[in-house]
Amino acid sequence: MTVRAVVCGVGHYLPERVVPNAEFEASLETSDEWIRTRTGIERRHFAADDQTTSDLALRAAKAALADAGLTADDLDAIILATSTADLTFPSAATMVQAALGMKSGFAFDLQAVCAGFVYAMANANAMIISGQAQRVLVIGAETFSRILDFTDRTTCVLFGDGAGAVILEAATGKGTSEDRGILATDLHSDGTHRNLLYVDGGVSTTGTSGVLKMQGPELFKHAVIKLAETALASLEKAGLSPDQLDWIVPHQANIRIISGTAKKLGLSMDHVVLTLQDHGNTSAASIPLALSTAKAEGKFKPGQVLLMEAIGGGLAWGSVVLRW
Numbered sequence: 003m004t005v006r007a008v009v010c011g012v013g014h015y016l017p018e019r020v021v022p023n024a025e026f027e028a029s030l031e032t033s034d035e036w037i038r039t040r041t042g043i044e045r046r047h048f049a050a051d052d053q054t055t056s057d058l059a060l061r062a063a064k065a066a067l068a069d070a071g072l073t074a075d076d077l078d079a080i081i082l083a084t085s086t087a088d089l090t091f092p093s094a095a096t097m098v099q100a101a102l103g104m105k106s107g108f109a110f111d112l113q114a115v116c117a118g119f120v121y122a123m124a125n126a127n128a129m130i131i132s133g134q135a136q137r138v139l140v141i142g143a144e145t146f147s148r149i150l151d152f153t154d155r156t157t158c159v160l161f162g163d164g165a166g167a168v169i170l171e172a173a174t175g176k177g178t179s180e181d182r183g184i185l186a187t188d189l190h191s192d193g194t195h196r197n198l199l200y201v202d203g204g205v206s207t208t209g210t211s212g213v214l215k216m217q218g219p220e221l222f223k224h225a226v227i228k229l230a231e232t233a234l235a236s237l238e239k240a241g242l243s244p245d246q247l248d249w250i251v252p253h254q255a256n257i258r259i260i261s262g263t264a265k266k267l268g269l270s271m272d273h274v275v276l277t278l279q280d281h282g283n284t285s286a287a288s289i290p291l292a293l294s295t296a297k298a299e300g301k302f303k304p305g306q307v308l309l310m311e312a313i314g315g316g317l318a319w320g321s322v323v324l325r326w
């Protein structure tokens, strides 16, 4: 028998404030049509002034626990993927741990920007199959509105705030591609491209949080190729082919990147979960947000095969294949 990390609960949270594209027209040379046609985004959510990343993460965590019928005492670990933690330290994950009343186990943050949730899922999977943990809460949460330059129309219209969470638990399988749970993961990074997407501040440089900087056209050139390559690599490791996929749950960054990746895999957009029109790019939160939204809509059926893939600053990218 083989140990697999199986999804047993999902949840998400979005701040109350909804920011439609039209809201940017008063301060920027842009329009709703310009944003929609180039990105697919129609609106996004921004956190309230008194909301932190750990606040959003906590709401998503509670929703995932309720969905799974579990309590914090049932968890062995929390991994929180974020680039916008409340403080330099301690980790936002430990803040969620405390707020949940989780007295045992361990919690830590993981930072791989938009690829953070995929990296966190791969780490949680490794902990479960090695026996280090039986049940792991994996969260993606961001308050990207705090690091945006609202005079830069090429970046500030793209991002939003939110949180999504998934609970993985150990289960036994036969060791074949027919097993439920995570079947394969694939991770990559290349630091030579760090200037394509970064924040121009930090503890050991400026001593400030800085703002997001992006070379969009150059990033796009890398995104579709690297996402298709990592998707195929994960599928090969799992012993599956693209035509066996039921759903792609991509990082929700740009409709052109998402459709380009699906095309390279030979799949129609009918097989793609899309939420970026309502949430914008929520970085590490985008995939778990999409998972939770799609599950609530009844899209996923037991036994279906899902591909999650993402690319972000670093550059860092990767994918996860799982059977629902």
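So the sequence shown is numbered by our numbering: it starts at 3 and just counts up by one.
A virtual CB, placed ideally from N, CA and C, is assigned to each residue, including glycine.
* **DSSP state of K301 mapped onto helix, strand, coil** => coil
* Alpha carbon to alpha carbon, how far is A296 from A255? -> 17 Å
* Asked: Under three-state DSSP, which class holds R62?
  -> Residue identity differs from the one stated: residue 62 is Ala in this sequence, not Arg. DSSP places A62 in helix when its eight states are reduced to three.
* Contacting residues, own chain, Cβ-Cβ under 6 Å from T263 (five flanking each side not counted) -> Cβ neighbours of T263 within its own chain (closer than 6 Å, five residues either side excluded): V226, L229 and A230.
* Asked: Relative to the alpha-carbon of S93, which residue among F110, A101 and L77 has its alpha-carbon at the smallest distance?
  -> In this structure, F110 is the residue among F110, A101 and L77 with its C-alpha nearest to the C-alpha of S93.
* Within this structure, are the beta carbons of G162 and G282 separated by less than 7 Å? -> yes
* With DSSP as the reference, label D111 as helix, strand or coil. => strand
* Asked: Which stretch, first to last residue, makes up the alpha helix (DSSP H) that contains W36?
  -> D34 to T41
* For N127, count neighbouring C-beta atoms within 10 Å of its own C-beta (all shown protein chains included) and say buried if the count is 16 or more, exposed if not. => buried
* Alpha-carbon spacing of E44 relative to T4, whole angstroms -> 44 Å
* 7 Å Cβ cutoff, L278 in contact with chain D -> Given the protein chain composition of this structure (a single chain), no chain D is represented.
* Do you know how far the Cα of T207 is from the Cα of Q306? -> 46 Å
* Contacting residues, own chain, Cβ-Cβ under 7 Å from C158 (five flanking each side not counted) -> L150, D151 and F152
* Asked: Exposed or buried, T73, counting other C-beta atoms within 10 Å across all chains shown (16 or more means buried)?
  -> Exposed: under 16 other Cβ atoms inside 10 Å.
* Sequence-distant residues of the same chain with beta carbon closer than 6 Å to K215, five excluded per side -> Y200 and D202
* Asked: Closest by CA to G42, which one among P22, T55 and T187?
  -> P22
* Asked: Pick from N197, A172 and T55: whose alpha carbon is nearest that of L89?
  -> T55
* **Extent of the continuous beta strand (DSSP E) to which I184 belongs** => It spans G183 to S191 - the beta strand (DSSP E) in which I184 sits, taken as one unbroken run.
* Asked: Do three or more CB pairs link the region 279-294 to the region 241-253 at distances below 8 Å?
  -> yes
* Asked: How is the beta strand (DSSP E) around S321 delimited, first residue to last?
  -> A318 to R325
* Asked: Straight-line CA distance for A165 to G71?
  -> Between the alpha carbons of A165 and G71 lies a distance of about 20 Å.
* Taking all protein chains shown into account, do 16 or more other C-beta atoms lie within 10 angstroms of the C-beta of S270, making it buried, or fewer, making it exposed? -> For S270, the number of other beta carbons within 10 angstroms of its own is below 16, and it is reported as exposed.
* Run the CB neighbour count on T145, radius 10 Å, all protein chains shown included, and call it buried at 16 or more, exposed below. => Buried.
* Could you please give me the residues that DSSP links to N283 through a beta bridge? => F161
* If you draw a straight line from the alpha carbon of A100 to that of L293, how long is it in whole angstroms? -> 25 Å
* Span of the beta strand (DSSP E), counted from its first residue to its last, around H47 -> R45 to F48
* State yes or no: is the C-beta of I81 within less than 7 Å of the C-beta of L30? => No, they are not a contact pair.
* Rounded C-alpha distance that separates L237 from V323 -> 7 Å
* To do: With DSSP collapsed to three states, give me the class of H253.
  => coil
* Give me the Cβ distance between G320 and L221, rounded to the nearest whole Å; I'm assuming they're in contact under 8 Å. => In fact, because the Cβ distance is near 16 Å, the residues do not count as touching under 8 Å.
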